[in-house]
Structures are given as structure tokens and as C-alpha cells.
Amino acid sequence: MNTNGYLSGSNLERVLKNGYFAVTAELGPPQSADGNVIRRKAALLKGYCDAVNITDNQTAIVRMSSIASAVIALQEGLEPVIQMVCRDRNRLAMQSDLLGAYALGIRNLLCLTGDHQTFGNHPTAKNVFDIDSTQMVQMVTAMRDRRVFQSGGEIKGQEPRFFVGAAESPFAHPVEFRPYRLAKKAKAGANFIQTQIVYDIPAFKAFMEKARELGVHKQAYILAGVSPLKSPAMAKYMRENVPGIILPDELIERMEAAGAPWAGKKKEELTPEDKKARSAAWQAEGIKICIEIIQQLRQIEGVAGVHIMAIEWEEAVKPIVEGAGLYPRPVIPEPEAQPG
Amino acid sequence: MIVAEQKSLDEIKQLVGRAQKVLVVGCGTCVTVCFAGGAREAAIVAAELRMASKLEGAPKEVTDVTVQRQCEWEYLDQIAEQVGQVDVVLSLGCGVGVQAIAEHFPNTWVVPGLNTKFMGLPTEQGVWEERCAGCGDCLLGLTGGICPIARCSKSLLNGPCGGSLNGHCEVNEEIPCAWQLIYDRLKSMGKLEVLMDIQPPKNWCTARDGGPRKIVREDLRLATEE
Ligand code: SF4
Ligand code: SF4
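Line order of the protein sequences matches chains A and B. Taking my numbering, I'd label the letters of the first sequence as residues 1 to 340. Taking my numbering, I'd label the letters of the second sequence as residues 1001 to 1226.
The following block contains the structure:
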């Protein structure tokens, strides 16, 4: 059932398989039923990435469904990667949603554990965690390659064919285990990996070295996560509060230096114009740092692309992709549809 | 053991309601050891209820008794007479004890005085921690004796999620990350390779998800009349 040697034939798969350095971005659905939010964000990202991740109730906050949002993105000419977390669905719901997602034209899937519901806006909810993300990878690759449901029962008719991804957080604890967990996900059948945000290049190099030792880069395309810093305060917040993020002092200093012309002034001394100019200076520096990180990541053997996470700052993706010399994105013709 | 915690006196008062004669029934096993519902606690709750009802101008007759195990009929038989004389039984047993009383005394109104929390153990004086979720298919042999079902906030089977930080779980700093513990233990025992096997999806049928569970041991059953 393969289409010209492709597993799913998705744009992301084609770009990676043809040896291009891939770019994925992220699009967070709204906390409302307003499809125009997706359309507006899609317009900012279109042409600047090979596929866009649509988050699934990110940070356990109720948002428009990932699959529904992905369909809107598709209509806007943007290829989606739907994210699916283990928190909210059991194996029945996962599989039925994936059958539907495929029927609706979705071809990429990222399997995630999901943040605990206590972080979100429904902390009193019951969670599911019927299967974990590694098991989800196994389940969806078996649906595709062996045409079986998780139960072992045969899929009669069209099987869902996704290009299957998983995530890894290289610096979460226990750090020594992370390359092995990555290897487990590759062994489970993951075709691509998107990592937690990388700021510390030497630390990531060490992770990749181990990953190469385990041969993971030969089994799955590894896309390193990047995210532009927006302000020194945001940088510090991330460093203190987000597990698995190492943010070197030097980067925080650079962000602070970018705001130096306005430093030392009290809040009330700053005019709205001052604040605007300071934000712009910070953002410009954040984008510059992000571009430099991408350039360094490109040099690391086994890094097949970058995943740019600029949630609620989609405007940043264009200058980052252009600045990193990754624009325009390759156009690879779709494989001929196979009869049947 | 089963670990429980007493309900607030306010809630207990509400549960007891307007009943005039109250019997507080303690249990001499798990909840005695975790200081929630033993003889001592039963006496204290009874005294508190008496005092409170007196202050409210409608004194209740509150007595207390503690059985060795509330979850076995034979111990409940010993208090049948006292139970028969009251309007309500306030059980300081775990949820099993409360239900045993309801089942054994069909005409008695019984209310719970405890919130049954988990199966666990005291890790230090005054601290109890959950250890087992009774999943019905124990996999501790794969994890160095540390339970990922009960102790990982997401019951993960293939290693830590991305939220593990400095030994604690992403949910809060009070919860040790089960997978950090498993990793450390397997490492110290030289058995890390165990973690490289992919654990398949768990069969939750043996857990609560399969419906209420029951064990029948034919070898132990008394011969039943045909
Ligand atoms: S694996 Fe199941 S039976 Fe074993 S300790 Fe954990 S919850 Fe209890
Ligand atoms: S941080 Fe550790 S204990 Fe908490 S959910 Fe993740 S793996 Fe489980």
C-alpha cells in the first residue's frame, strides 16, 4: 500500500526523505470556536515551513480540537502535523479519531504524553493515560504497516497512513536516560522526532552524540526544537519553570543588553513608545539568537531539521526562516496516487 | 496498609444529622496504625460529637466501640447488639469497613467518618505515601520494585515523561518522580538494560477498568450444598 516508497506521502516526509533540512512550526488553536484564528495564523506560516504542528489541548487547557484545526489549516494550504496526547483519550478514542483524521486528509501525527491536567484550566478532571506515547507510536505504526488495530484485529479497508513522530526532551531528568528513551521511541517505529527547545548547543551536541551512538539518527529524522526569546523576563521564566530547558546565562545577558538603552528607568518613566521600542529591540535580539542557534544545529550530524516553536508569536517564523537561509522551502511533487 | 484520613468534624456532624443515638465504630487494623480510626480516634470523635451536640442544645447519645477488623463479618457479629440500638453508625473504618457494616446490618444507616486515601506506608513519623494502586497484574518485577502505576502521575510504562525535574514529578515538588526512582534503582543494581524493552499497553481489565473484581479460590471454599 506504499505510495512510491513513502509511508504517508506527506510534504514533511517528502522533504525529509529527499534530504532537505526540514522546518516545522507550531500553531496553537484558540480557546474558542473561532476558525478565523487558525486562518490568520496559517497565513503567517504558509510558505515558511514544511508542516505545522497543531497542539492538542496544550498545557491541559481546553482549545479547539487539533484535528478540526488541522482541517482548517489544510484548507488554507498549510500541511498540519496533528499532536495527540495520552492524557485525554483511551486507545479506542485515539484510533477512531485517527481514522477520521486520515479520512480528512491529515498525514502527519506527533505522539505525546501530555502535560498533567493539574496544570490546565480543568484541574479536577480525571485523566486517561491508558497507553503511553511510546505505545501510541507502536499502535499507529502497526495500523499503518500491519493494518491492525491495537487489539490485533484487522483493519478492513483503508488503513490510516501517518508519518509518525514522537518527542524527546534531551535535558529533562534523568538526563542520562534521555538518549535511550529516544532510542526506544525510534525502536517503537517513530519516523521523526521533535525535541524540546534547545538553547545550550554543547549540551545538545552531547545528546546527539549519544543518539548517534545508538543509531537513532539512522532510524528517525531528528528535528531540534528552537524558540525565539521575547524578553529577558520570559527567558528567566522559562529557565526557572520549564522542565528540560537549559538557558545559558550568556543568552539572558544578550537579551538584557538589547534592552540596555531603556534600562535603569522606572516603569512610569517609560512612555508607550519607549516600551514598544524596547520590545522591538528584545524581539529582534531573540530572533537573531534563534537564527544563530539554527545555524549551529545545522552543523550537528544527525539533525535533520528544526521545529520552530513561536506560540502566540507566529510573526517571528518568517524572519527566522529567512534569516537562517531556509527560505524558500523546497517544493517536492506529491507522489502519484496509487489506485485502490 | 490502607491509609485513611478523618473527615472534618463539620462534615461528620452533617452526615450524622439529626440522629439521636450514634455509635462510632473504630477499626483495629490499618486505620489504627495510620491514626485515623482506631479506638483512640473513635473515643475522641465520640466525645467531640457529644460536646458539639450539647453546645447546640440537642445533646446526642454517642457511644463508641472498636472491632479488630471491620472488614470481616465475624468481628462485626460481636457488636450486633450495640448496632441494633442506635439511629446511625459512624464508621471510622476504611471504605471497606463502612460497606461491610452496611452489608452486614441491612437495617442500619451507616455513614463514613474517614476518607479512604490509598494503599501505602508510613515513610516517616506522620507521613504516609501511596505505593500500590491494586492494578491486578503486578509489574514490579520490571521496575526494580517501584510502582509506575501508583507512583508515576501518568502511570507511564516506558520511562519518564519530559516533566521530570531534579527528582520530582512535574505535578509538584512534593511528589518524587517514580521514573527517576526506577532509573536510579536499576542503575545501582546494574540492571538498566531492563528499561530498553518496550512495555506493551497494559491490560487494564485486571484493574478497576474491568469492572468490580472478585477472587474465587475453589481450594479454600467450603463445600456448598448442591
Ligand atoms: S504494579 Fe499494580 S499491583 Fe503492582 S504495585 Fe503497582 S499497582 Fe500495585
Ligand atoms: S514527572 Fe515522573 S512521575 Fe511525574 S508524570 Fe512524569 S514520569 Fe511520571
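From the three backbone atoms N, C-alpha and C, an ideal C-beta is built for every residue, glycine too.
Pick from the options that is closest to residue i, judged by C-alpha positions
| i | options | result |
| --- | --- | --- |
| V1031(B) | I1002(B), V1062(B), K1214(B) | I1002(B) |
| L44(A) | A203(A), K318(A), G19(A), L109(A) | K318(A) |
| E1048(B) | G1145(B), C1161(B), V1024(B) | V1024(B) |
| E1072(B) | I1044(B), V1096(B), F1035(B), G1084(B) | V1096(B) |
| E1103(B) | P1059(B), G1113(B), L1140(B), D1077(B) | D1077(B) |
| A1080(B) | G1120(B), P1106(B), K1007(B) | P1106(B) |
| L411(A) | A33(A), K265(A), L110(A), G35(A) | Not covered by the structure: residue 411(A). The range shown for chain A is 1 to 340. |
| M1119(B) | I1215(B), V1022(B), I1149(B) | I1149(B) |
| R1050(B) | C1027(B), L1192(B), G1028(B), A1019(B) | A1019(B) |
| T1123(B) | T1108(B), I1101(B), P1176(B) | P1176(B) |
| A235(A) | A166(A), R254(A), Y48(A) | R254(A) |
| V1016(B) | N1166(B), A1058(B), A1004(B), L1165(B) | A1058(B) |
| N1158(B) | R147(A), P170(A), D145(A), F177(A) | F177(A) |
| E1005(B) | K1154(B), G1113(B), V1065(B), Q1068(B) | G1113(B) |
| R63(A) | G77(A), L247(A), E79(A), M84(A) | M84(A) |
| L27(A) | F21(A), P80(A), G19(A), A233(A) | P80(A) |
| N53(A) | I61(A), A70(A), G5(A) | A70(A) |
| E76(A) | R212(A), K267(A), R40(A) | R40(A) |
| A1036(B) | E1056(B), K1154(B), K1007(B) | K1007(B) |
Residue range of the beta strand (DSSP E) that includes residue i
| i | result |
| --- | --- |
| R39(A) | Premise fails: R39(A) lies in the alpha helix (DSSP H), 35-45, not in any beta strand (DSSP E). |
| Q196(A) | 192-197 |
| K276(A) | Looking at the DSSP string, K276(A) is not in any beta strand (DSSP E); the run it does join, the alpha helix (DSSP H), is 272-298. |
| V1025(B) | 1021-1027 |
| M208(A) | First-last for M208(A): 201-213, but that is the alpha helix (DSSP H), not the beta strand (DSSP E). |
| K1117(B) | 1114-1124 |
| N108(A) | 108-112 |
| Y368(A) | An answer regarding residue 368(A) cannot be provided, because it is not within the stretch 1 to 340 covered by chain A. |
| S1091(B) | 1088-1091 |
| I308(A) | 303-308 |
Continuous alpha helix (DSSP H) stretch holding residue i: start and end
| i | result |
| --- | --- |
| G165(A) | Run containing G165(A): none in the alpha helix (DSSP H); it sits in the beta strand (DSSP E), 163-168. |
| M94(A) | 91-103 |
| M255(A) | 249-258 |
| N241(A) | 232-241 |
| W1073(B) | 1073-1077 |
| E80(A) | The question names Glu, yet the displayed sequence has Pro at residue 80(A). Here P80(A) belongs to no alpha helix (DSSP H); instead the beta strand (DSSP E) covers 80-85. |
| T134(A) | 133-145 |
Ligand 1 heavy atom lying under 7 Å from the CB of residue i
| i | result |
| --- | --- |
| L1140(B) | yes |
| G1134(B) | yes |
| C1205(B) | no |
| I1002(B) | no |
| I1215(B) | no |
| C1147(B) | yes |
Cβ neighbour criterion (16 or more within 10 Å) applied to residue i
| i | result |
| --- | --- |
| V1089(B) | buried |
| I38(A) | buried |
| L92(A) | exposed |
| T341(A) | No answer is possible for residue 341(A): it lies beyond the span of chain A, which begins at 1 and ends at 340. |
| V331(A) | exposed |
| G340(A) | Low per-residue confidence applies at G340(A): pLDDT is 43, beneath 50, and the placement is therefore not dependable, though the value from the model is reported in the following sentence. Flag for G340(A) reads exposed. |
| M1(A) | The predicted position of M1(A) is uncertain, since its pLDDT is 47 and thus under 50; a value taken from the coordinates is nonetheless stated next. Under this definition M1(A) is an exposed residue. |
| H173(A) | buried |
| S1091(B) | buried |
| R1217(B) | exposed |
| G47(A) | exposed |
| P202(A) | exposed |
| H122(A) | exposed |
| L1055(B) | exposed |
| N36(A) | exposed |
Contact test: residue i Cβ vs ligand 2 heavy atom, cutoff 7 Å
| i | result |
| --- | --- |
| A1178(B) | yes |
| H1104(B) | no |
| V1171(B) | yes |
| C1152(B) | yes |
| C1161(B) | yes |
| S1164(B) | yes |
| H307(A) | no |
| L1156(B) | yes |
| H122(A) | no |
| H116(A) | yes |
Would you be able to state if there are at least three C-beta pairs under 8 Å between the segment 1133-1147 of chain B and the segment 1198-1210 of chain B? Yes: the two stretches touch, three or more of their Cβ pairs being nearer than 8 Å.
Any chance the segment 296-311 of chain A sits against the segment 226-233 of chain A, with 3 or more Cβ pairs inside 8 Å? Flag = yes, the segment 296-311 of chain A and the segment 226-233 of chain A touch.
Below 8 Å, can you find three or more Cβ-Cβ pairs linking the segment 145-160 of chain A to the segment 195-209 of chain A? Touching, no, given that fewer than three Cβ pairs across the two stretches are closer than 8 Å.
Whether or not the segment 1172-1188 of chain B and the segment 1140-1153 of chain B are in contact is what I'm after, with contact meaning three or more pairs of Cβ atoms, one per stretch, closer than 8 Å; do they touch? Three or more pairs of CB atoms, one per stretch, sit closer than 8 Å, so the segment 1140-1153 of chain B contacts the segment 1172-1188 of chain B.
For the segment 153-170 of chain A against the segment 94-105 of chain A, are there 3 or more C-beta pairs whose distance is under 8 Å? Yes: the two stretches touch, three or more of their Cβ pairs being nearer than 8 Å.
Does the segment 287-299 of chain A come into contact with the segment 12-19 of chain A, if we say contact requires no fewer than three beta-carbon pairs (one atom in each stretch) closer than 8 Å? Verdict: no, contact absent.
Cβ contact (3+ pairs, closer than 8 Å) linking the segment 193-203 of chain A and the segment 267-281 of chain A: Short answer: they don't touch.
Within 8 Å, do at least three Cβ pairs link the segment 179-191 of chain A to the segment 1188-1206 of chain B? Judged by Cβ distances under 8 Å, the segment 1188-1206 of chain B makes contact with the segment 179-191 of chain A, as three or more pairs qualify.
I'd like to know if the segment 159-167 of chain A and the segment 133-147 of chain A are in contact, where contact means that at least 3 CB-CB pairs between them fall below 8 Å. The answer is yes - the segment 133-147 of chain A touches the segment 159-167 of chain A, with three or more Cβ pairs under 8 Å.
Within 8 Å, do at least three Cβ pairs link the segment 26-33 of chain A to the segment 122-136 of chain A? Judged by Cβ distances under 8 Å, the segment 122-136 of chain A makes no contact with the segment 26-33 of chain A, as fewer than three pairs qualify.
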